[in-house]
Structure formats: C-alpha cells, structure tokens
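Notes follow the structure.
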Amino acid sequence: MLENFLTYLITEKRASEHTVIAYQKDLQDFFDFLAIDDFEELKEVNHQLVRSWMVHLIDNGVSNRSVNRKLSTLRTFYKWCLKEEVVEKNPMLLVKGPKTSKRLPEFVKVEELDNFNISQKVGANLEVEDMLMVEVFYQTGMRLSELINLKFTDIQNASLKVLGKRNKERIIPISSELLAGLNEMKSKRSDLAKTPYIFITKKGNKLYPKFVYRRINKYLSCVTNLDKRSPHVLRHTFATHMLNNGAGLETIKELLGHANLSATQVYTHNSFDEINKIYKQAHPRGGHNTK
1 MLENFLTYLI TEKRASEHTV IAYQKDLQDF FDFLAIDDFE ELKEVNHQLV
51 RSWMVHLIDN GVSNRSVNRK LSTLRTFYKW CLKEEVVEKN PMLLVKGPKT
101 SKRLPEFVKV EELDNFNISQ KVGANLEVED MLMVEVFYQT GMRLSELINL
151 KFTDIQNASL KVLGKRNKER IIPISSELLA GLNEMKSKRS DLAKTPYIFI
201 TKKGNKLYPK FVYRRINKYL SCVTNLDKRS PHVLRHTFAT HMLNNGAGLE
251 TIKELLGHAN LSATQVYTHN SFDEINKIYK QAHPRGGHNT K
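If you read the sequence shown in UniProt numbering, its first letter stands for residue 1, the second for the next number, and so on.
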C-alpha cells in the first residue's frame, strides 16, 4: 500500500528523495498509530481518527507547524487514494490543522558577510571548496538538494544551470569571481571522469545533506549569532538582500525556483523593516534625532 503511493510520488509527482522519505515517515507514523495494515482498514478511517492522531502529536510535543506538514502529507495521500479508488471518502476534507504563527525567515546581515571572500580563509580554517560552497549558496539562493546535484557541466558562461523541484530548470547568474573560483577548482580535479559533481567529499563521493549542513554551520558560526545556521538561511539571505537592493518579487521568484509568488512574498516583511530603518535615519522627521 505505502510502496505504491511512494512510487507514484517518484514517477508522477517527481518528488525529491527528501520529500519521499518525509512522506514515508509521516504515513508510517499515522498507520502505526491507528494500527492500519491494509487497504480495507484504511477505508474505516474517518476525520475523528485523523483528529485523534493530530491531538496525539500535539500532546507529545510536536509543533503546530510540524503537525500541519504531516496533515499535508495525509491530504496528498488521500487524494491519491480517491484517484485509485482505494477509499470512497476523503476524511481530510473535515480536518483543520492547528493555527501557527507566521515565522519570518532569518537572514545574515550584509555587514556580517563582508569579511567573507572566496580567495581568503576565515577563522574556522575552511577549505577553499567549502568557501566556494558558501558563496554558491549566497549568490544563487539555491536549495541544498540543488547544490548537491550541481555538476561542472552546469557552469554556463557566467551562470549556473540548476535543476529544481519537479525537474524545473532555471539559470542563475553568478559573479566573475565565483566563476573563476569554480573553474580553478575544476582545473585541479583529476577525477572528473569518475564523478561529475562540483562539490564532493574528501573521498571523492557525492555530498549528502548532513555533510553540507555541518560545513555551512561551521562557516556561519564565524560570522553571525543567529540560532539557525543552515544552508536555507543563506537562501533566505540571498532573497532578502536582493529585495533590499531593488530586485522585484517576480525576479526573485524565478531565481529561487518558487512555483508561485506567495512563497516569495514572505521576504517583503524583512525588506520593509530595512526600508523603515533607512527612513528613520534619513528623513528629517523620521525620528532619528528626536530627543
């Protein structure tokens, strides 16, 4: 039962490996809670049982945001079940998730990044490859999974070709300095026939998420006091800095690979904070000189 749905996610929805694993865990937890073993038992599930699982999760300390993500998994699953005629009714139509507060994306300040240069090492004694990795994240705003799969053949003039969610391709421009750094790294690699990926482990293997997270966390620990120091913070930083410097939402949407503009609009609040700060400092009645 679960295997068929996961196959559907991979073949038809073209979901990423990370997404498939998350869906599998969510559904297995749901099945285990209700002791569901086959399709016949699945037909007996109603919205009250789904709500009982939701209450169980909250009582066990799962955040409202995570609960809503798990409910989203169930909604996708039951839509598939209806399509495959596994069930006759969708219990999720009567299930409403818990309220969540709007969480603004955290980002690194421009001045905190000023000390970073791909031709220099910083306090954490990072390797040049690690520093290039940071710069790719910051200059392109790409996702972790996208960087892991980045190949030297994706370098096109002064840009990078990125394969995003649902195999949607986009082109992101990069600086001449970053381009030179990537090309120099390529010239020093003797294993291009073995592995085409730009960033690899010391053993020459393809990167994995935890490896990248540790490297980025190590660097960001040197430049910021943010609680979150992940690759996604650099994605947020890219978008916020672009918006603060005049880029339009539609442009940022395309660069980030968002499916719709609503996902990009979350950055407008951070941008307004910056505009408000500049206004108070620059306008004669802005309040900067109020005693």
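Heads up, the beta-carbon is just placed ideally off N, CA and C, and yes, glycines get one too.
Chain-order list of residues whose beta-carbon lies under 7 Å from that of residue i (same chain, five-residue window excluded)
{"i": "residue 173", "result": "158, 159"}
{"i": "residue 120", "result": "Residue confidence is low: residue 120 scores 48 on pLDDT, short of 50, so the model does not pin down where it sits. No coordinate-derived value is stated."}
{"i": "residue 14", "result": "166, 167"}
{"i": "residue 260", "result": "none"}
Selected residue, minimal CA-CA separation from residue i, among the options
{"i": "residue 228", "options": "238, 217, 130", "result": "217"}
{"i": "residue 152", "options": "183, 240, 244", "result": "183"}
{"i": "residue 68", "options": "92, 155, 87", "result": "92"}
{"i": "residue 205", "options": "215, 213, 194", "result": "194"}
{"i": "residue 176", "options": "267, 135, 250", "result": "135"}
{"i": "residue 50", "options": "27, 63, 143", "result": "27"}
Residue i beta carbon near the ligand ADP (any heavy atom closer than 7 Å)
{"i": "residue 90", "result": "Ligands in the displayed structure: none, and consequently the ligand ADP is not present."}
Same chain, Cβ closer than 8 Å to residue i, neighbours up to 5 away in sequence not counted
{"i": "residue 156", "result": "171"}
DSSP three-state assignment for residue i, whether helix, strand or coil
{"i": "residue 41", "result": "helix"}
{"i": "residue 148", "result": "helix"}
{"i": "residue 207", "result": "coil"}
{"i": "residue 28", "result": "helix"}
{"i": "residue 192", "result": "coil"}
{"i": "residue 156", "result": "strand"}
{"i": "residue 86", "result": "coil"}
{"i": "residue 200", "result": "strand"}
{"i": "residue 214", "result": "helix"}
{"i": "residue 108", "result": "coil"}
Extent of the continuous beta strand (DSSP E) to which residue i belongs
{"i": "residue 171", "result": "169 to 173"}
Residue i burial status per 10 Å Cβ neighbour count (16 or more: buried)
{"i": "residue 241", "result": "buried"}
{"i": "residue 203", "result": "exposed"}
Test: residue i CB closer than 8 Å to a CB of chain C
{"i": "residue 75", "result": "Given the protein chain composition of this structure (a single chain), no chain C is represented."}
Range covered by the alpha helix (DSSP H) that runs through residue i
{"i": "residue 181", "result": "176 to 187"}
{"i": "residue 114", "result": "From DSSP, residue 114 is part of no alpha helix (DSSP H); its letter is neither H nor E."}
{"i": "residue 130", "result": "128 to 140"}
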